[in-house]
Amino acid sequence: MRKLVHIFILLFTVLTAQAQYYIRGEVTDEKHQPLQNVKIYMQSNHLLYYSGVTGGFGITTPLLYDSLTFNLPGYETKSVKVKSDMYQVITLKVLSGNTNIQKQKLLSVTKDFSNQEDRRIFVSDETYSSLSENEFVHADKFPSNSFSVRVDKASYSNIRRFVNQNSVVPPDAVRLEEMLNYFNFNYKEPSPGKVFTIESQISPCPWNASHQLLFLNLSARKLNLDKVPPGNFVFLIDISGSMDMPNRLPLLKASFQLLVKNLRAIDTVSIVIYGGSVGVWLQPTSGAEKQKIIKAIEELSPGGSTPGEAAIRTAYRIAKSTFLKNGNNRIILATDGDFNVGQTTEKELEEMIAKERQSGIYLTCLGVGMGNYKDSKIEALAKKGDGNFAYLDDIREGEKVLVKEFTQTLYTVANDVYMNMQFNPLMVKEYRLIGYDNKKNIMADTSVELEGGEVGSANGITSIFEIIPSASMNNTDNAKNSVAALTINYRTPDDTAKKRIRYDCPQNLKLFKDLPNELRFASAITMFGLIIRQSKFINNATFDTVLPIAVESLNPADYLQNEFISLVEKAKKIYAVKKKKRKLGDKIFN
Numbered sequence: 403m404r405k406l407v408h409i410f411i412l413l414f415t416v417l418t419a420q421a422q423y424y425i426r427g428e429v430t431d432e433k434h435q436p437l438q439n440v441k442i443y444m445q446s447n448h449l450l451y452y453s454g455v456t457g458g459f460g461i462t463t464p465l466l467y468d469s470l471t472f473n474l475p476g477y478e479t480k481s482v483k484v485k486s487d488m489y490q491v492i493t494l495k496v497l498s499g500n501t502n503i504q505k506q507k508l509l510s511v512t513k514d515f516s517n518q519e520d521r522r523i524f525v526s527d528e529t530y531s532s533l534s535e536n537e538f539v540h541a542d543k544f545p546s547n548s549f550s551v552r553v554d555k556a557s558y559s560n561i562r563r564f565v566n567q568n569s570v571v572p573p574d575a576v577r578l579e580e581m582l583n584y585f586n587f588n589y590k591e592p593s594p595g596k597v598f599t600i601e602s603q604i605s606p607c608p609w610n611a612s613h614q615l616l617f618l619n620l621s622a623r624k625l626n627l628d629k630v631p632p633g634n635f636v637f638l639i640d641i642s643g644s645m646d647m648p649n650r651l652p653l654l655k656a657s658f659q660l661l662v663k664n665l666r667a668i669d670t671v672s673i674v675i676y677g678g679s680v681g682v683w684l685q686p687t688s689g690a691e692k693q694k695i696i697k698a699i700e701e702l703s704p705g706g707s708t709p710g711e712a713a714i715r716t717a718y719r720i721a722k723s724t725f726l727k728n729g730n731n732r733i734i735l736a737t738d739g740d741f742n743v744g745q746t747t748e749k750e751l752e753e754m755i756a757k758e759r760q761s762g763i764y765l766t767c768l769g770v771g772m773g774n775y776k777d778s779k780i781e782a783l784a785k786k787g788d789g790n791f792a793y794l795d796d797i798r799e800g801e802k803v804l805v806k807e808f809t810q811t812l813y814t815v816a817n818d819v820y821m822n823m824q825f826n827p828l829m830v831k832e833y834r835l836i837g838y839d840n841k842k843n844i845m846a847d848t849s850v851e852l853e854g855g856e857v858g859s860a861n862g863i864t865s866i867f868e869i870i871p872s873a874s875m876n877n878t879d880n881a882k883n884s885v886a887a888l889t890i891n892y893r894t895p896d897d898t899a900k901k902r903i904r905y906d907c908p909q910n911l912k913l914f915k916d917l918p919n920e921l922r923f924a925s926a927i928t929m930f931g932l933i934i935r936q937s938k939f940i941n942n943a944t945f946d947t948v949l950p951i952a953v954e955s956l957n958p959a960d961y962l963q964n965e966f967i968s969l970v971e972k973a974k975k976i977y978a979v980k981k982k983k984r985k986l987g988d989k990i991f992n
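Every number in this note's numbering is 402 more than the matching position in the sequence shown, counting from 1.
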């Protein structure tokens with residue numbers, strides 16, 4: 403009898419351990435509005451989950467009782483004990499006074515490694531955030547480096563604008579990762595069912611013979627344009643007085659009209675304008691009514707001040723009123739960024755967007771103009787709005803961003819994407835992430851967090867580390883050791899759970915001349931960026947070092963690559979004149 407009791411207890415224990423419960427619930431604010439992207443930390447398994455578009459969540463657990471912690475920037479963190487078979491309604495309170503609605507976010511971070519002050523670069527009346535260039539880091543002390551994966555491309559076309567105007571480029575206008583993103587290098591479509599495919603390659607560094615380059619290539623799933631979900635698009639167009647120039651409002655009108663030609667009957671377009679006042683210029687209209695939408699765009703005319711804050715709030719209100727639960731809900735903000743009414747500072751605008759983005763609406767930003775162009779503001783809005791950022795310097799760029807790269811720009815395949823590199827000190831002595839530089843004013847804040855990015859359909863993202871190999875790297879005993887372990891963290895738009903992919907970067911050193919052409923061309927672009935960025939890490943490389951690499955690895959059929967070579971040749975002349983003037987000035991004053 404006692405034996406039977408023991409068997410019964412054992413069976414009961416096993417069955418209980420294997421039982422699966424499902425914790426269901428929703429997260430709202432005090433006005434009962436759903437909160438999206440709330441971080442949900444489960445104490446029992448130490449995993450992180452997120453609330454969905456409607457604030458809902460569903461988590462499997464073997465435990466009848468568990469503890470959950472809910473966290474969202476701008477709201478009080480809340481920890482609760484839950485019974486798994488009961489529906490949970492969690493209400494988060496706004497932080498007192500909304501004083502810190504959103505922590506400032508980093509683009510890259512090396513664990514336990516700190517850096518430096520704040521200044522803003524002004525060129526004429528343009529503003530650029532001052533960036534702190536990533537330093538070399540000792541792999542034995544700080545082996546872990548994480549960085550946000552984004553597909554912003556604005557920096558390259560803005561650099562092109564300066565060069566084409568025979569002007570030197572402001573160093574802080576140079577964002578290396580955006581220059582590389584612009585070309586969509588080395589894209590390899592992932593296998594069916596996969597969101598990403600990953601490759602890596604090591605080669606000698608062309609600007610420092612004792613260093614090496616570690617290339618990381620991340621390719622995102624390609625969506626079939628015929629099967630993408632319906633779009634709920636709100637065009638938020640700046641028609642203020644500052645937009646009254648050919649390369650501003652007229653350029654935007656032509657670019658948006660090209661975009662409209664791609665729309666389907668299941669897509670919806672609304673237009674919000676601001677210039678003196680804010681108005682809904684076009685009520686939600688089916689993409690089938692192309693002539694009506696195009697006519698509304700054509701009739702726009704500039705004038706008035708720039709109440710950007712009120713316009714953004716109106717655009718989100720319209721987007722929410724036509725929200726598609728399983729659709730692509732996106733605001734496309736087009737402006738020179740010169741907001742001068744309402745909340746106008748980057749911090750104020752970031753805090754507003756941080757709250758609005760919980761609605762599940764993406765924000766794509768298109769910058770235009772010169773002289774008063776506020777790059778720092780538009781960039782901040784795109785990053786905080788779960789979106790992307792492009793700069794239109796001419797109609798060809800408008801066509802590239804909104805037509806040729808339609809799904810890349812406007813359809814997301816992964817959210818909150820960031821990479822973590824865990825370097826192997828046996829193989830790597832020091833490393834430096836090229837690009838992904840942080841604003842100087844947030845480097846001194848120890849409370850900042852890494853901010854993941856949004857990745858659109860069919861984007862090819864190339865990231866580069868400059869590494870100093872360890873003495874034992876080429877030792878045959880270490881040939882099988884990986885250089886670094888790469889982890890990609892992301893969420894898909896239709897799922898709240900965080901996903902991870904691990905990839906070991908092999909020790910696959912190739913001579914630079916044997917690299918695929920696209921990687922060699924990416925090296926030329928990187929070197930060009932470092933030169934005009936006035937990087938202290940570029941050594942003695944010059945435009946004459948860049949040109950042979952670009953010419954030898956050129957794809958003759960690629961218009962953008964041919965154009966890049968022309969830009970380098972123009973920049974060489976511009977910077978040579980600047981150098982002569984500086985030498986002449988030194989003679990006069992010495």
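For each residue, glycine too, the CB sits at the ideal point set by N, CA and C. Note that the structure is a prediction, hence the values are computed from the model and not measured.
Check	Outcome
Of the residues Val-979, Asp-542, Thr-766, Gln-693, which one's Cα is nearest the Cα of Ala-886?	Asp-542
Does the contact criterion of 3 or more C-beta pairs under 8 Å hold for the segment 936-949 versus the segment 958-965?	no
Mapping DSSP to helix, strand and coil, what is Arg-426?	strand
Would you mind giving the Cβ-Cβ distance between Ala-792 and Val-803, rounded to the nearest angstrom? I have them listed as a contact below 8 Å.	5 Å
What did DSSP end up calling Met-929 once you bin it into helix, strand or coil?	helix
At least one CB of chain B closer than 8 Å to the CB of Tyr-676: is that the case?	Although the question refers to chain B, the structure presented lacks it and comprises just one protein chain.
In whole angstroms, give me the CA-to-CA distance for Leu-783 and Lys-555.	15 Å
Using a 10 Å radius around the Cβ and a threshold of 16 neighbouring Cβ atoms, would you call Gly-987 buried or exposed?	Caution is warranted here: a pLDDT of 48 is assigned to Gly-987, below 50, making its placement in the model unreliable, and the coordinate value is therefore given only provisionally. Label assigned to Gly-987: exposed.
With DSSP run on the structure shown, which of helix, strand or coil describes Glu-954?	helix
Assuming contact is defined by CB atoms lying nearer than 8 Å, are Thr-708 and Asp-640 in contact in what I supplied?	yes
Out of Tyr-477, Gly-458, Thr-456, Ile-492, which has the shortest C-alpha to C-alpha gap to Ser-469?	Ile-492
By the 10 Å Cβ neighbour count, where 16 or more other Cβ atoms means buried, how is Ser-644 classified, buried or exposed?	buried
Measuring only the C-alpha atoms, how far is Ala-924 from Asn-568?	24 Å
Where does Glu-799 land, buried or exposed, given buried means 16+ other C-beta within 10 angstroms?	buried
From Val-970 to Phe-930, what does the alpha carbon distance come to, in whole angstroms?	7 Å
Can you tell which of Asp-646, Phe-637, Tyr-676, Val-674 has the C-alpha that lies nearest to the C-alpha of Val-657?	In the sequence on display, residue 657 carries Ser and not Val. The shortest C-alpha separation from Ser-657 is found at Phe-637.
Could you pull the start and end residues of the beta strand (DSSP E) that Gln-824 belongs to?	814-825
Anyone know if the C-beta pair for Gln-490 and Arg-562 falls short of 8 Å?	no
Leaving aside the five residues before and after Asn-610 along the sequence, list all residues of the same chain whose C-beta is less than 6 Å from its C-beta, in chain order.	Asn-941
Based on the DSSP output, what are the partners of Asn-619 in its beta bridges?	Glu-601, Thr-864
Could you tell me which whole alpha helix (DSSP H) segments of length 4 or greater appear in the segment 723-779?	748-758
Contact between the segment 616-635 and the segment 583-592 is defined here as three or more beta-carbon pairs at a separation below 8 Å; is this criterion met?	yes
Phe-459 by DSSP, collapsed to three states: which one?	strand
Can you tell which of Ile-870, Ser-481, Gly-678 has its C-alpha closest to the C-alpha of Phe-825?	Ile-870
Could you say which of Gln-659, Lys-692, Leu-651 lies nearest to Arg-666 if we only look at CA atoms?	Lys-692
Grab me the residues of Gly-729's own chain with a C-beta within less than 7 Å of its C-beta, minus the 5 sequence neighbours each way, in chain order.	Pro-631, Pro-632, Gly-633, Asn-634
Along the chain, where does the alpha helix (DSSP H) that runs through Tyr-558 open and close?	556-566
Would you give the residue range spanned by the alpha helix (DSSP H) that Val-662 belongs to?	651-662
Could you tell me the alpha carbon to alpha carbon distance between Arg-552 and Val-857, rounded to whole angstroms?	6 Å
Can you give me the C-alpha to C-alpha distance between Val-671 and Ile-976, rounded to a whole angstrom?	43 Å
With distances taken between CB atoms, is the gap from Ile-720 to Val-682 smaller than 8 Å?	yes
Go ahead and label Leu-465 buried or exposed: buried means 16 or more other beta carbons lie within 10 angstroms of its beta carbon, across all protein chains shown.	buried
Is DSSP giving Glu-781 helix, strand or coil here?	helix
Gly-773 and Glu-579 - do their beta-carbons sit closer together than 8 Å?	no
Buried or exposed, going by whether 16 or more other CB atoms sit within 10 Å of the CB of Asp-669?	buried
How should Asn-500 be labelled, buried or exposed, when 16 other C-beta atoms within 10 angstroms of its C-beta is the threshold for buried?	Unreliable placement is indicated for Asn-500, whose pLDDT of 45 sits below 50; the coordinate value is still reported in the next sentence. Label assigned to Asn-500: exposed.
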